[in-house]
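These protein sequence lines are chains X and A, in that order. Take the first sequence: its letters are residues 12 to 224, numbered as in our numbering. Take the second sequence: its letters are residues 12 to 224, numbered as in our numbering. For every residue, glycine included, the Cβ atom is placed at its ideal position computed from N, Cα and C. Keep in mind it's a predicted model, so treat the numbers as computed, not measured. Before any comments, here is the structure.
Number of protein chains: 2
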Amino acid sequence: MRTTKTPDVVIRRLATYLRLLEEREYYLGQYISSSELGELAGVTPAQVRKDLDMFGEFGKQGVGYPVRHLKRQLIHILKVDKPSNITIVGVGELGSAFARYLTRNPSGRRGEGADAFRVAALFDVDPIKVGQCVGGLRVDHLDDLEARVKEMDIKIALLTVPAPVAQEVLDRVVKTGIKLFVNFAPVRLKAPDDVRVNHADVSLELHQLGYYL
Amino acid sequence: MRTTKTPDVVIRRLATYLRLLEEREYYLGQYISSSELGELAGVTPAQVRKDLDMFGEFGKQGVGYPVRHLKRQLIHILKVDKPSNITIVGVGELGSAFARYLTRNPSGRRGEGADAFRVAALFDVDPIKVGQCVGGLRVDHLDDLEARVKEMDIKIALLTVPAPVAQEVLDRVVKTGIKLFVNFAPVRLKAPDDVRVNHADVSLELHQLGYYL
Numbered sequence: 012m013r014t015t016k017t018p019d020v021v022i023r024r025l026a027t028y029l030r031l032l033e034e035r036e037y038y039l040g041q042y043i044s045s046s047e048l049g050e051l052a053g054v055t056p057a058q059v060r061k062d063l064d065m066f067g068e069f070g071k072q073g074v075g076y077p078v079r080h081l082k083r084q085l086i087h088i089l090k091v092d093k094p095s096n097i098t099i100v101g102v103g104e105l106g107s108a109f110a111r112y113l114t115r116n117p118s119g120r121r122g123e124g125a126d127a128f129r130v131a132a133l134f135d136v137d138p139i140k141v142g143q144c145v146g147g148l149r150v151d152h153l154d155d156l157e158a159r160v161k162e163m164d165i166k167i168a169l170l171t172v173p174a175p176v177a178q179e180v181l182d183r184v185v186k187t188g189i190k191l192f193v194n195f196a197p198v199r200l201k202a203p204d205d206v207r208v209n210h211a212d213v214s215l216e217l218h219q220l221g222y223y224l
Numbered sequence: 012m013r014t015t016k017t018p019d020v021v022i023r024r025l026a027t028y029l030r031l032l033e034e035r036e037y038y039l040g041q042y043i044s045s046s047e048l049g050e051l052a053g054v055t056p057a058q059v060r061k062d063l064d065m066f067g068e069f070g071k072q073g074v075g076y077p078v079r080h081l082k083r084q085l086i087h088i089l090k091v092d093k094p095s096n097i098t099i100v101g102v103g104e105l106g107s108a109f110a111r112y113l114t115r116n117p118s119g120r121r122g123e124g125a126d127a128f129r130v131a132a133l134f135d136v137d138p139i140k141v142g143q144c145v146g147g148l149r150v151d152h153l154d155d156l157e158a159r160v161k162e163m164d165i166k167i168a169l170l171t172v173p174a175p176v177a178q179e180v181l182d183r184v185v186k187t188g189i190k191l192f193v194n195f196a197p198v199r200l201k202a203p204d205d206v207r208v209n210h211a212d213v214s215l216e217l218h219q220l221g222y223y224l
């Protein structure tokens with residue numbers, strides 16, 4: 012499941028840095044120091060410098076990072092500079108919520124990276140759901156997955172299916188050539204080495220928080 | 012925001028190990044090796060041993076970890092051995108989806124840790140939502156938050172409110188004494204040092220995946 016030598020936590024922080032820069036207004040030519048960015052992100056200035064140094068020299072000693080340039084670089088590194096089509100598989104409550112949210116508000120943010128992810132298709136196997144319209148999109152049957160993935164050049168799938176069928180559904184979607192997944196079912200999924208599955212379920216979040224009770 | 016010296020990633024892996032052990036059937040007295048557990052979790056055997064060694068000597072050289080004992084220890088470390096009350100603030104689409112999901116299927120899992128998190132209260136400010144029933148629970152007005160948090164001894168809040176009001180709502184909930192949050196709004200929130208906010212929004216997940224496109 013490793014496709015790169017850059018640790019996942021670094022990529023996660025880069026996505027956070029980008030969000031922080033996008034959330035705020037900066038004037039043309041403004042700089043941000045590693046201390047300021049670290050303060051916003053909740054990490055040390057050294058961590059910020061180390062993370063960014065992995066991808067190039069974006070800053071100037073004693074001045075900081077030119078915000079506009081840094082944003083562009085982060086957008087480029089995270090490849091959100093052109094839109095990618097995504098699909099939501101499983102149009103239950105959570106899948107519907109994401110479908111409505113992401114179609115209304117692509118990728119949930121403003122700024123240059125705002126249109127980075129576009130929900131292009133929804134899938135389910137429930138005959139009651141197939142054919143219905145959710146978030147302006149028609150729900151397709153999972154049997155049509157392969158054709159639609161090719162047609163729409165879908166790169167990422169959000170899996171919002173029940174835990175007992177999640178592995179089976181993942182295996183099926185993997186066969187269509189999609190290699191990037193976010194799984195929201197409370198079950199750990201196995202995938203081939205060249206496939207990345209991020210696990211993002213609420214119960215895992217809760218169990219982690221338990222430690223800090 | 013640091014309340015412990017154990018890195019968050021370790022806690023996240025412990026929660027994953029526990030889930031993996033809960034998902035499978037093990038016979039009484041069965042052992043699992045660090046290689047087997049690592050294989051399931053997608054980490055090296057050395058990582059498994061290092062993570063678990065931080066909390067005690069749970070395994071036997073050359074034999075592995077006694078599954079039953081290891082599960083108990085993980086449940087104990089993650090403090091999911093007794094139920095904690097949680098609240099969902101913001102009963103929009105995502106909040107409703109979580110409310111229905113978590114009330115139907117407490118903490119989304121089976122086994123000894125299954126009742127670890129109980130949704131005890133739902134809050135919103137929308138007069139249309141307040142008084143409605145979602146997942147078997149009545150939606151309360153945010154004005155009643157402080158009283159309900161004390162009454163129900165609520166320890167964790169899931170924030171599923173729109174991004175523009177997320178900081179304001181967090182500040183308000185922090186005042187009631189809740190110190191653990193999962194924020195699903197696509198915005199980075201600031202909190203006092205003794206408050207932990209995990210960010211778990213779908214757009215951040217997507218932006219991370221972009222890197223692997």
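For Asp135/A, decide whether its Cβ has a neighbour in chain X, counting only Cβ atoms nearer than 9 Å.
False, the Cβ-Cβ gap to chain X never drops below 9 Å.
List the whole-angstrom C-beta distance separating Ile88/A from Ala131/A, where the pair is believed to meet the contact cut-off of C-beta under 8 Å.
Going by Cβ atoms, the distance from Ile88/A to Ala131/A rounds to 24 Å, so no, they are not a contact pair.
Given this structure, state the Cα-to-Cα distance separating Val145/X from Tyr112/X, to the nearest angstrom.
Cα-Cα distance, rounded: 10 Å.
For Tyr112/X, return the contacting residues in chain A, with the cut-off set at a CB-CB distance below 8 Å.
Those are Glu104, Leu105, Val213, listed as they occur along chain A.
What whole-angstrom Cβ distance do Val136/X and Leu153/X have, given they're in contact under 8 Å?
Between Leu153/X and Val136/X the Cβ distance is about 5 Å, and since that is below 8 Å, they are a contact.
Compare the C-beta of Arg183/A with all C-beta atoms of chain X and state if any pair is closer than 9 Å.
By this cut-off, Arg183/A is not an interface position.
One question on the structure: do Ala127/X and Leu217/A come within less than 9 Å of each other, judged by their Cβ atoms?
Yes, Cβ-Cβ distance for Ala127/X and Leu217/A is below 9 Å.
Taking only runs that begin and end inside the segment 90-156 of chain A, name each unbroken alpha helix (DSSP H) of 4 or more residues, in chain order.
Counting whole runs of 4 or more residues, the segment 90-156 of chain A contains the alpha helix (DSSP H) stretches 104-115.
Just curious, the alpha helix (DSSP H) that Arg207/A is in, first and last residue?
Taken as a continuous stretch (DSSP letters only), Arg207/A belongs to no alpha helix (DSSP H), being part of the beta strand (DSSP E) at 207-210.
Once you ignore the five residues that flank Ala26/X on each side, which residues in its own chain have a CB closer than 7 Å to its CB?
Correct list, in chain order: Leu89.
Buried or exposed, going by whether 16 or more other CB atoms sit within 10 Å of the CB of Ala158/X?
By the neighbour-count rule (16 or more Cβ atoms within 10 Å), Ala158/X is not buried but exposed.
From Arg35/A, Tyr37/A, Gly53/A, Val91/A, pick the residue whose C-alpha is nearest to that of Asp244/X; which is it?
Past the boundaries of the shown model lies residue 244/X; chain X is included only from 12 to 224, so the question cannot be answered.
For Ala168/A, count neighbouring Cβ atoms within 10 angstroms of its own Cβ and tell me buried if that reaches 16, exposed if not.
That one is buried.
Taking all protein chains shown into account, decide if Asp62/X is buried (16 or more other Cβ within 10 angstroms of its Cβ) or exposed.
That one is buried.
Could you pull the start and end residues of the alpha helix (DSSP H) that Lys82/X belongs to?
Taken as a continuous stretch (DSSP letters only), the alpha helix (DSSP H) holding Lys82/X covers 78-88.
Using a cut-off of 8 Å between C-beta atoms, extract the partners of Thr27/A located in chain X.
Residues of chain X passing the Cβ test: Arg199, His210, Leu215.
State whether the segment 24-39 of chain A contacts the segment 73-81 of chain A, with contact taken as three or more CB pairs (one from each stretch) at a distance under 8 Å.
Counting Cβ pairs under 8 Å, three or more are found: they touch.
So with Cβ pairs under 9 Å, would you call Glu34/A a contact of chain X?
Chain X contact via Cβ: present.
Rounded to whole angstroms, what is the Cα-Cα separation between Asp92/X and Tyr222/A?
Rounded to the nearest angstrom, the two C-alpha atoms are 11 Å apart.
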